[in-house]
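Step one of this worksheet: look at the structure below.
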Amino acid sequence: MPEIASHSLAVPASGIRRLFEIALGLDDVTFLAVGEPDVPVAPHIAAAAKAAWDADDTNYTHNAGTPALRRAFADRFAADYGVATDPERVWATIGGTQALHQSLGLVLDPGDEVLVPDPGYTTFSMSPRMLSAVPVPYALRDEAGFQPEVDRLDALVTPRTRAVIVNSPSNPLGTVLDDDAARGILAFARRHDLWVISDEVYGAFTWDRPHVSLTALDHAEGDGRVLGAFSLSKTYAMTGIRVGFLVAPAAWAPHLRSAQEAMISCVNAPAQRAAIAALTSDQSDVVAAREHYSGNFAAATEMLDARGIRYLAPGGAFYLWIDMRHATGGDVAGWAEGFLREHRVAVAPGSAFGASGEGWIRVCVAASRADLLHGISLLPAP
Ligand SMILES: Cc1ncc(COP(=O)(O)O)c(C=O)c1O
């Protein structure tokens, strides 16, 4: 048989998937390892998808999504960030995942480099490899509050660097960029003439300040080098419905039309109707989800404080980044597996998100309060 393409072999296995598979083979596991909202999808969203099926609204749409959906996203973007975007710049994608892959596909040639956060969401390293490109990790360090350090980014740029991925609010860290940090990233990208791929899929969930959208900042005062990846998965608990958005420069339209045609043709039509319902409704379910997550954070951090366990103060997303170095002996992945087998609690080992995550764990707080506190009560204190 012929070999499979070498770039496919270069895609690393996900360290969370391995833990998940072990957990599936055990009884009574408390799952705190996966980034899945625990709230149900709102009835009006499900009803819109059902109505589309009933009305036989099941045909291909425009490669970019229906005009109504592109308009609905543009209106929500303007309402959330106070900056208008042209619906023609909005491309409906299969989740944020495909928005990321599509944007990377349009900026990376084989062998090109993209700077990716470490620790960072696993797809940031997997997707470039699928394109025969090279993810270059930029370390987010404890000493720097796990924030990007622009002088260190400068040192990683080579003639092959084409883009930097930025993720705020961050998975797995729960950190957020403030206005100065966002401007610092934009200035860095301008200095080296790089694209910025801004993953904002957790933008609806920040705790003590509004989300600073790099995409909106670029619209307001930038030069159009930010590619925004958005998603309805987390905001509206729609992970399996698979709708996201890429906000791209207007000039990319012909290229994106071909890229969408080649990859997906379009997002499925009933899901697009569900997405319109999500974006145009009164957002009270998003507010309720935010309150649920922030209440969980408060309860979880109170318990961690009481137990003397160190963690990174959460700014957004729905993850807690917890320091387990006192217990893990330099192998947090092995430790997480042992913890799962012994206590039946699944947490994500930080090393699954890059070398800089060694010794840390990620706990998803989008869970029931009881499950969350049960899991945290079992973590070893220093
Ligand atoms: C940072 C980040 N970006 C993108 C995604 C992709 O999500 P989806 O494809 O469901 O929108 C996730 C999912 O966990 C994520 O954590």
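Per our numbering, residue 342 is the first one in the sequence shown, and the count goes up by one each step. Here a beta-carbon is modelled for each residue, glycine too, at the ideal position from N, C-alpha and C.
Check	Outcome
Return the CA-CA distance between Trp662 and Glu683, expressed in angstroms with no decimal places.	21 Å
Taking DSSP's pairing of strands, which residues face Glu683 in a bridge?	Looking at the DSSP assignment, Glu683 forms no beta bridge with any residue, so it has no partner.
Can you list the alpha helix (DSSP H) stretches of 4 or more residues lying completely in the segment 552 to 582, in chain order?	555 to 562
Closer than 7 Å: is that where the CB of Gly585 sits relative to any heavy atom of ligand 1?	yes
Contact check, Asn637 vs Leu713 under 8 Å by CB: the rounded distance?	6 Å
Could you tell me how far apart the beta carbons of Gly656 and Val542 are, in whole angstroms, since I believe they sit closer than 8 Å?	Actually they are not in contact, since the Cβ atoms of Gly656 and Val542 sit about 15 Å apart, beyond 8 Å.
Measuring alpha carbon to alpha carbon, tell me which of Ala693, Ile717, Glu699 ends up nearest Ser466.	Ala693
Rounded C-beta distance between Ala545 and Arg412? I'm assuming under 8 Å.	Actually they do not touch by this definition, with Cβ atoms about 19 Å apart.
Would you call the segment 431 to 442 and the segment 581 to 589 touching, i.e. three or more CB-CB distances under 8 Å?	yes
Going by C-alpha distance, which of Ser574, Leu494, Gln443 is nearest Leu568?	Gln443
So, is Leu653 buried or exposed, given that buried needs 16 or more other C-beta atoms within 10 angstroms?	buried
Closest by CA to Thr371, which one among Asp421, Ile357, Ala687, Ser622?	Ala687
Please classify Glu562: is it buried, with 16 or more other beta-carbons within 10 angstroms of its beta-carbon, or exposed?	exposed
Is Thr556 near ligand 1, in the sense that its beta carbon is under 7 Å from a heavy atom of that ligand?	no
Taking the CB atoms as reference points, tell me whether Leu472 and Leu449 lie closer together than 8 Å.	yes
Let me check one thing: in DSSP terms, what residues is Asp728 bridge-paired to?	Look at the range of the chain in this structure, 342 to 723, and you will see that residue 728 is not part of it.
Do you know offhand how far Ala557's Cα is from Tyr422's?	6 Å
How big is the Cα-Cα spacing for Gln488 and Ala392?	45 Å
If we call anything under 8 Å between Cβ atoms a contact, is Asp453 one with Arg503?	yes
Any beta carbon of chain D sitting closer than 8 Å to that of Gly581?	The chain labelled as chain D is not found in the depicted structure, where only one protein chain is given.
So, does the segment 415 to 431 touch the segment 664 to 677, judging by three or more C-beta pairs under 8 Å?	no
Reducing DSSP to helix, strand and coil, say where Leu518 ends up.	coil
So is the beta-carbon of Gly525 under 7 Å away from any non-hydrogen atom of ligand 1?	no
List the residues that DSSP assigns as beta-bridge partners of Pro458.	Tyr479
If you follow the alpha helix (DSSP H) that Thr464 is in, where does it begin and where does it stop?	464 to 471
Closer than 6 Å by C-beta to Pro451: which residues in its own chain qualify, once you throw out the five before and the five after it? Chain order, please.	Ser473
At the level of alpha carbons, what is the spacing between Glu362 and Val628?	33 Å
Beta carbon of Gly437: closer than 7 Å to some heavy atom of ligand 1?	yes
Would the beta-carbon of Tyr577 fall within 8 Å of that of Ala383?	yes
Would Ile617 and Leu410 qualify as a contact pair, given that the criterion is a beta-carbon distance under 8 Å?	yes
By DSSP, does Tyr422 sit in helix, in strand, or in coil?	helix
Return helix, strand or coil for Gly366, following the three-state DSSP convention.	coil
Using a Cβ-based criterion (distance less than 7 Å to any ligand heavy atom), does Gly376 qualify as near ligand 1?	yes
Report yes if the C-beta distance between Pro690 and Ala707 is below 8 Å; otherwise report no.	no
Determine the burial state of Asn508: buried for a count of at least 16 other Cβ atoms within 10 Å of its Cβ, exposed for fewer.	buried
For Arg547, count neighbouring Cβ atoms within 10 angstroms of its own Cβ and tell me buried if that reaches 16, exposed if not.	Just to set this straight, residue 547 is Thr in the shown sequence, not Arg. Buried is the call here.
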